[in-house]
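The next block holds one structure in the form of structure tokens; read it before the comments.
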Amino acid sequence: MTALTTTATSIRSAEVLVSSPSRNFVTVRITTEDGVVGLGDATLNGRELAVASYLRDHVAPLLVGRDAHRIEDTWQLLYRSAYWRRGPVTMSAIAAVDMALWDIKARLAGVPLYQLLGGASRSGALVYAHASGSDLASLGDSVRARLEEGHRAIRLQVAVPGMGAMYGVAAAVAGRYAYEPAKRAGLAVEEGWDSARYMRHLPGVFEWARAEFGPEVLLLHDAHHRLTPIQAARLGRDLEPYDLFWLEDCTPVENQESLRLVRRHTTTPLAIGEVLNSVWDFRTLIQEQLIDFVRASVTHAGGITGLRRIFDFAALYDIRSGSHGPTDISPVGMAAALHLDLAIHNFGIQEYMEHQPLAGEVFRTSYSFADAMLHPGDQPGLGVDYDDVAAERFPYEPAYLPTARLADGTVHDW
Ligand SMILES: [Mg+2]
């Protein structure tokens with residue numbers, strides 16, 4: 001099996017493309033001997049160049065000459081044979097190769113990728129949008145704008161009085177409600193954090209939101225790994241009257257057992273796992289039914305092959321998908337997520353934070369939004385093309401997520 005014989009579907013080249021149309025994206029482009037092209041997303045927010053190097057220096061040379069059809073074999077080779085397994089850099093690199101190979105296979109078959117994953121299980125993927133505000137009035141405006149766009153599920157984030165700038169809260173830029181959490185700068189911006197103030201403020205926000213927008217709209221919230229287990233348990237209980245679709249990232253996720261304590265005290269549905277990379281990272285969370293939604297992303301958890309493995313495992317325990325999908329998933333990664341969302345049975349919801357218009361100049365996508373759902377479209381493959389000429393205008397620029405410190409200067413979880 002080691003001797004490589006060149007055929008029409010042998011991999012001729014594997015390129016790593018770094019561009020920054022509104023934010024940094026790392027894209028893998030694999031081309032076969034007969035000229036079929038596949039794209040994959042390897043964007044790791046704030047550590048983009050580490051993945052680009054991993055791919056260029058260590059992965060691309062392994063791919064040239066291999067048969068592009070052998071997706072599982074390539075995945076296992078990259079996962080097992082590196083000796084060093086898992087971790088965000090490795091798994092984002094594997095993800096991009098995996099997506100590109102699925103893209104090629106579906107283009108060769110002349111079908112949209114979801115057809116190769118079992119076909120459509122639904123008419124579209126329900127998405128949730130982001131709404132935020134510096135106070136209830138501006139949060140209300142943000143929610144109303146989302147409802148007018150046709151969304152039915154909305155994540156609410158709001159500033160906490162006395163805490164200043166805060167993650168997930170947009171700033172009004174030139175009259176447009178713009179929000180890009182990774183700021184372009186050589187160093188990360190520092191923000192403050194106070195869990196006690198946050199926990200006192202948040203239940204009133206959701207009480208207001210239910211009174212203002214009624215019982216039908218699906219409301220979500222992200223606590224961004226910032227609470228201790230007992231704090232998370234208390235917050236989940238305090239939010240129960242307001243019927244959240246989910247409370248996300250309530251504790252730092254490395255300690256899967258923490259969710260046992262949270263779960264014992266609240267029936268608010270829990271979603272977690274956007275920083276996890278493999279099915280092993282979810283073992284306790286899923287087997288003990290400590291969560292209701294898996295937040296892993298196609299870009300950071302080993303691609304379609306890796307993420308499907310996690311979703312299939314979750315399905316055995318009645319746990320549904322809820323893929324991470326902010327702008328640090330490129331349009332290629334978003335398309336891949338949507339094909340998987342459409343095909344799996346245990347789909348829950350898909351995060352959708354729309355990319356800035358500049359991203360559309362480099363990535364030509366075919367997914368579309370209607371009736372609160374995204375559909376990946378019916379072009380062969382993933383349905384995304386990459387414009388090299390446009391990308392030339394947007395070279396890499398360092399950009400980082402903010403960091404969080406307590407009032408006394410202690411570094412806090414982000
Ligand atoms: Mg989150």
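Going by UniProt numbering, the first residue of the sequence shown is number 1, and it counts up by one from there. Ideal Cβ positions, reconstructed from N, Cα and C, are used throughout, including at glycine. All values derive from a computational prediction rather than experimental measurement.
{"Check": "Best match in 190, 244, 205 for proximity to residue 215 [C-alpha to C-alpha]", "Outcome": "244"}
{"Check": "Chain-order list of residues whose beta-carbon lies under 8 Å from that of residue 180 (same chain, five-residue window excluded)", "Outcome": "22, 23, 327, 356"}
{"Check": "Per DSSP, cross-strand counterpart(s) of residue 154", "Outcome": "129, 219"}
{"Check": "Separation of residue 312 from residue 378, as counted between CA atoms", "Outcome": "24 Å"}
{"Check": "Three-state class that DSSP yields for residue 13 in the structure shown", "Outcome": "strand"}
{"Check": "The beta strand (DSSP E) enclosing residue 321, as first and last residue numbers", "Outcome": "320-323"}
{"Check": "Cβ separation of residue 48 and residue 16, assumed to be a contact under 8 Å, to the nearest whole Å", "Outcome": "Residue 48 to residue 16, Cβ: 10 Å. No contact."}
{"Check": "Touch test, the region 130-140 against the region 343-350, Cβ-Cβ under 8 Å, three pairs minimum", "Outcome": "no"}
{"Check": "Exposed unless 16 or more other CB atoms sit within 10 angstroms - verdict on residue 331", "Outcome": "buried"}
{"Check": "Heavy atom of ligand 1 within 6 Å of residue 274 beta-carbon", "Outcome": "yes"}
{"Check": "Heavy atom of ligand 1 within 6 Å of residue 222 beta-carbon", "Outcome": "yes"}
{"Check": "Residue from 250, 97, 111, 45 with nearest C-alpha to residue 30", "Outcome": "97"}
{"Check": "Outcome for residue 130 when other beta-carbon atoms lying within 10 angstroms are tallied against a minimum of 16", "Outcome": "buried"}
{"Check": "Spatial distance of residue 197 from residue 161 (CA atoms)", "Outcome": "8 Å"}
{"Check": "With 16 other Cβ atoms within 10 Å as the buried cut-off, status of residue 174", "Outcome": "Confidence at residue 174 is low in this model, with a pLDDT of 38, below 50, so its placement is unreliable and the value that follows should be read with caution. Burial call: exposed."}
{"Check": "Which listed residue (128, 210, 297, 228) has its alpha carbon closest to that of residue 253", "Outcome": "228"}
{"Check": "Segment contact, 8 Å Cβ cut-off, at least three pairs: the region 146-154 with the region 121-129", "Outcome": "yes"}
{"Check": "Beta-carbon contacts of residue 110 that lie in its chain and below 7 Å, excluding the five residues immediately before and after", "Outcome": "380"}
{"Check": "Boundaries (first-last residue) of the beta strand (DSSP E) holding residue 271", "Outcome": "270-272"}
{"Check": "Bridge partners - residue 246, DSSP secondary structure assignment", "Outcome": "220"}
{"Check": "Beta-bridge partners of residue 191, as assigned by DSSP", "Outcome": "404"}
{"Check": "For residue 329 and residue 123, the rounded distance between their alpha carbons", "Outcome": "23 Å"}
{"Check": "C-beta contact flag for residue 413 and residue 225 at 7 Å", "Outcome": "yes"}
{"Check": "Residue 292 CB to nearest heavy atom of ligand 1 below 6 Å", "Outcome": "no"}
{"Check": "Beta-carbon proximity list for residue 66, same chain, < 6 Å, skipping 5 on both sides", "Outcome": "11"}
{"Check": "Nearest to residue 108 (by Cα), restricted to the options 35, 95, 81", "Outcome": "35"}
{"Check": "Residue interval of the alpha helix (DSSP H) (run including residue 496)", "Outcome": "The question about residue 496 has no answer, for the chain in this structure spans 1 to 414."}
{"Check": "Three-pair Cβ contact test at 8 Å for the region 268-279 versus the region 294-310", "Outcome": "yes"}
{"Check": "Delimiting residues of the beta strand (DSSP E) encompassing residue 351", "Outcome": "349-351"}
{"Check": "Closest by C-alpha distance to residue 289, when choosing among 240, 375, 314, 296", "Outcome": "314"}
{"Check": "Secondary structure of residue 5, DSSP reduced to three states", "Outcome": "coil"}
{"Check": "Buried/exposed call for residue 292, threshold 16 Cβ in 10 Å", "Outcome": "buried"}
{"Check": "Residue 281 beta carbon near ligand 1 (any heavy atom closer than 6 Å)", "Outcome": "no"}
{"Check": "Closer than 6 Å: residue 413 CB and nearest ligand 1 heavy atom", "Outcome": "no"}
{"Check": "Close Cβ partners of residue 176 (< 8 Å) along its chain, the five nearest in sequence each way excluded", "Outcome": "The predicted model places residue 176 with a pLDDT of 37, which falls under 50 and marks its position as unreliable; any figure quoted below should be read in that light. Taken in chain order, the list of residues that qualify is empty."}
{"Check": "Distance between residue 320 and residue 348 (C-alpha atoms, nearest Å)", "Outcome": "5 Å"}
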